[in-house]
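Numbering (this note's numbering), first residue to last: 12 to 250.
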């Protein structure tokens, strides 16, 4: 999977993605990331990439020209879906992540300041994505979230492919409580079914825990869905 990231802070993106499974996937070539800095394409006296907005108002706006030259420098065949990281975009969902993971490339545009020239958006951007209903200082961290989420779905990135398939939201439900060995606590507090070795009973327990967890923490995810439908979905998840 190839990612282009148009950003004023390529070092921020590279450093953030250098850790954990994504960092290893980049090192192994399963994921490739090219950062393009619009500042390298600024042709004014001071290499400026921002200017005051027409009509006045607070803050500055990223200029069209450097962004235009930056994206035009990329191979058209490697652009994929051109995505602007924006608080005005559709909230990122696991469903959209899974769809994007089926492609071979994606271009992420990271805004700064008060945003970017609307003419660039209208000419180049295919979709706008938000990671939540709040504002952060720029699109770089949001782009890293998108890369991490998509990267987890790429075959070979996780040591155990089942890890991604059983993540929260993969089937509309949250994950389950997890327990492991503790020298301090021993097996105290661990549900007996998990110690039974009875795989069918464990699967049914996990199924119900997933449903209960979702009811408690994110009831909005269950709106309009019967418990039987959720149970069937969770059963498939745990098989």
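We put the CB at the ideal spot given by N, CA and C, even for glycine.
Where residue 101 sits in the DSSP three-state scheme: Here residue 101 refers to the residue found at position 90 of the chain shown. Of the three classes helix, strand and coil, the one that applies to residue 101 here is strand, per DSSP.
Just list the beta strand (DSSP E) runs in the stretch 45–69, keeping only unbroken ones of 3 residues or longer that don't cross its boundaries, in chain order. none
Residue span of the alpha helix (DSSP H) that contains residue 79, given as start and end: Numbered from its first residue, the chain shown carries residue 79 at position 68. That run of the alpha helix (DSSP H) goes 75–83.
Looking at the strands, I want to know which residues DSSP matches up with residue 94. Numbered from 1 along the chain shown, position 83 holds the residue referred to as residue 94. Paired residue(s): 119 and 138.
Is it right to say residue 14 is buried, meaning 16 or more other beta carbons lie within 10 angstroms of its own, or is it exposed? As a first step, residue 14 must be located in the chain shown, where it is residue number 3. Label assigned to residue 14: buried.
Span of the alpha helix (DSSP H), counted from its first residue to its last, around residue 158: Sequence index remark: in the chain shown, residue 158 carries index 147 (1-based). 151–162 is the span of the alpha helix (DSSP H), which, as asked, contains residue 158.
Do the stretch 120–127 and the stretch 147–155 meet, that is, are 3 or more Cβ pairs less than 8 Å apart? yes
Using the Cα positions of residue 222 and residue 216, report the straight-line distance between them to the nearest angstrom. To locate residue 222, count along the chain shown from 1; it is residue 211. To locate residue 216, count along the chain shown from 1; it is residue 205. Going from the Cα of residue 222 to the Cα of residue 216 covers about 10 Å.
Continuous alpha helix (DSSP H) stretch holding residue 15: start and end: Here residue 15 is taken as the residue at index 4 of the chain shown, counted from 1. Here residue 15 belongs to no alpha helix (DSSP H); instead the beta strand (DSSP E) covers 13–17.
Please name the residue, chosen from 125, 22 and 204, that lies closest to residue 67 on a Cα-to-Cα basis. Reading the chain shown from its first residue, position 56 is the one you call residue 67. The residue with the shortest Cα to Cα distance from residue 67 is 125.
Limits of the alpha helix (DSSP H) - the one that residue 31 falls within: Along the chain shown, one-based indexing puts residue 31 at 20. Where residue 31 is concerned, the enclosing alpha helix (DSSP H) stretches over 31–39.
Between the alpha carbons of residue 81 and residue 52, how many angstroms are there, rounded? As a first step, residue 81 must be located in the chain shown, where it is residue number 70. As a first step, residue 52 must be located in the chain shown, where it is residue number 41. Roughly 6 Å between the two C-alpha positions.
Please name the residue in 170, 86, 192 and 50 whose C-alpha comes closest to that of residue 20. Looking up residue 20 in the chain shown gives position 9. Nearest of 170, 86, 192 and 50 to residue 20, Cα basis: 50.
Contact set for residue 164: own chain, Cβ-Cβ below 8 Å, skip 5 residues either direction: Along the chain shown, read from residue 1 onward, the residue named residue 164 stands at position 153. 108, 109, 112 and 175.
Alpha carbon of residue 44 to alpha carbon of residue 58, nearest angstrom: Residue numbering aside, residue 44 sits at position 33 when the chain shown is read from its first letter. Residue numbering aside, residue 58 sits at position 47 when the chain shown is read from its first letter. If you take the alpha carbons of residue 44 and residue 58, they lie about 24 Å apart.
Could you pull the DSSP bridge partners for residue 127 from this structure? Within the chain shown, the letter at position 116 stands for residue 127. Answer is 73, bridged to residue 127.
Helix, strand or coil at residue 43 according to DSSP, with G and I counted as helix: The residue labelled residue 43 in the question sits at position 32 within the chain shown. Strand at residue 43.
Leaving out the 5 sequence neighbours to the left and right, which residues in its chain are closer than 6 Å to residue 47 when beta-carbon positions are compared? Along the chain shown, one-based indexing puts residue 47 at 36. The answer, listed in chain order, is 17 and 81.
Taking all protein chains shown into account, decide if residue 146 is buried (16 or more other Cβ within 10 angstroms of its Cβ) or exposed. Indexing the chain shown from 1 puts residue 146 at position 135. Exposed, by the Cβ-count rule.
Taking all protein chains shown into account, do 16 or more other C-beta atoms lie within 10 angstroms of the C-beta of residue 101, making it buried, or fewer, making it exposed? Here the question's residue 101 lines up with position 90 in the chain shown. Result: exposed.
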